[in-house]
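Report on the following structure.
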Amino acid sequence: MNENKEYVSRCDELGNIHISEEVLAAIAAAATLEVEGVNGLSANLGSDLAELLGKKNLAKGIHVQMEEDQVKVELSIVMDYGHTIPEIGKSIQDGVMNAIESMTGLKVSEVNVTVSGISFEKKAQ
């Protein structure tokens, strides 16, 4: 997500609406973190480097790209122990797809989920 690409989501007589890749990633992050059993997003090397340089990345572990007129999302999570991986994965896919499509009007072609770790700690309530 080093390039700040913009995608046209709507074009009418009033003009164009552009949505940046970072906004799509933030929507995907919020939808992912709402799923019960998701402990957090897993950072990748690019976002770790950005954080070291002082740049905050709210959607670490999420990569969004546009292919033709559809959005492709790849994300990496840490889930809580005791939950079923296929059920968590499907819930994330459904939630991310619904959130992006309802908020932007863009079509989501893929939501690929990688479980990169399991948390054995209980969250403080």
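Position 82 of the sequence shown, counting from 1, maps to 341 under the working numbering, and the rest follow consecutively. Quick reminder that beta carbons are idealized off the backbone N, C-alpha and C, glycines included. Just so you know, these numbers come straight off a predicted model, no measurement behind them.
Under the three-state reduction of DSSP, which class applies to residue i: helix, strand or coil?
i: Asp353; result: helix
i: Val294; result: coil
i: Gly341; result: coil
i: Gly364; result: coil
i: Glu380; result: coil
i: Leu283; result: helix
i: Glu326; result: strand
i: Gly299; result: strand
i: Tyr266; result: strand
i: Leu311; result: Confidence at Leu311 is low in this model, with a pLDDT of 49, below 50, so its placement is unreliable and no value can be given for it.
Just to check my reading of the structure: residue i and residue j have Cβ atoms closer than 8 Å, yes? What is that Cβ distance to the nearest angstrom?
i: Ile351; j: Val330; result: About 15 Å separates the two Cβ atoms, so there is no contact after all.
i: Lys366; j: Asp328; result: 7 Å
i: Glu333; j: Ser368; result: At roughly 12 Å, the Cβ-Cβ gap does not stay under 8 Å, so Glu333 and Ser368 are not in contact.
Residue i and residue j: beta carbons closer than 9 Å?
i: Val337; j: Val355; result: no
i: Ser335; j: Thr363; result: no
i: Gln324; j: Glu281; result: no
i: Leu300; j: Ile276; result: no
i: Glu346; j: Gly274; result: no
i: Glu357; j: Ala284; result: The sequence shown places Asn at residue 357, rather than the Glu named in the question. No, the Cβ-Cβ distance between Asn357 and Ala284 is not below 9 Å.
i: Ser361; j: Asn298; result: no
Based on the DSSP secondary-structure assignment, which residues constitute the bridge partners of residue i?
i: Asp271; result: Gly274
i: Ser335; result: Thr373
i: Ile321; result: Leu334
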